[in-house]
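Chemist:
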Amino acid sequence: MNRMINEDKLKIWRALSDLFLDTEIEDYVFRYIARTVSECGLSLREAEDILWYEVYPVLEGNLRCVAGEWQGWSDDWLLQNLPARVRPNAIHGHPAIIKEVKGCWQKVIEAYNSQNKDL
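Each residue of the sequence shown is one higher than the one before, starting from 1 at the first, in the UniProt record's numbering.
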């Protein structure tokens, strides 16, 4: 692999990939993602762009699988497969999956705002 990825990029990919596991997402996951956004020095807008244009195009298929990945992806797998090879101009996919991911992202925003309200 020839491209250089910094530790923060891997860290945010790792956190955002949790939204695509074939599991029920608990509140602690939203808090973890929100904390990771802060720790990586990203704005919510930057993190959302990474979600939709780097992570979603590669991992959304897991949410369509009958028995998708539920344990998570290794750092090596994330480094080999992210970001999406072609940055999409728009978000494509099954409307129900897009709606689910948008709902999850809203919960990340709420967790982020709650964690940063006193700053």
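From the three backbone atoms N, C-alpha and C, an ideal C-beta is built for every residue, glycine too. Just so you know, these numbers come straight off a predicted model, no measurement behind them.
What does a CB cutoff of less than 7 Å around W105 pick up in its chain, not counting 5 residues either side in sequence?
Modeler: Residues of the same chain with a CB within less than 7 Å of the CB of W105, apart from the 5 flanking positions on each side, are E48 and L51 in chain order.
Chemist: Going by beta carbon distance, what residues of the same chain come within less than 7 Å of L44, once the five residues before and after it are set aside?
Modeler: V37, I109 and Y112
Chemist: Quick check on E24: buried or exposed, where buried means 16 or more other Cβ atoms within 10 Å of its Cβ?
Modeler: exposed
Chemist: What's the C-alpha gap between P88 and C40?
Modeler: 24 Å
Chemist: Within its chain, find whatever has a CB closer than 8 Å to the CB of C65; leave out the 5 residues flanking it on each side and keep chain order.
Modeler: D22
Chemist: Throw me the rounded Cβ distance for the L63 and F30 pair, which I believe falls under 8 Å.
Modeler: Contact doesn't hold; Cβ gap of about 17 Å is too wide.
Chemist: Ignoring anything shorter than 3 residues or poking outside the UniProt domain "DUF7079" (8-89), list the beta strand (DSSP E) runs there in chain order.
Modeler: none
Chemist: For A96, count the other beta carbons within 10 Å of its own beta carbon; 16 or more makes it buried, fewer makes it exposed. Which is it?
Modeler: exposed
Chemist: In three-state terms, what does DSSP make of G93?
Modeler: coil
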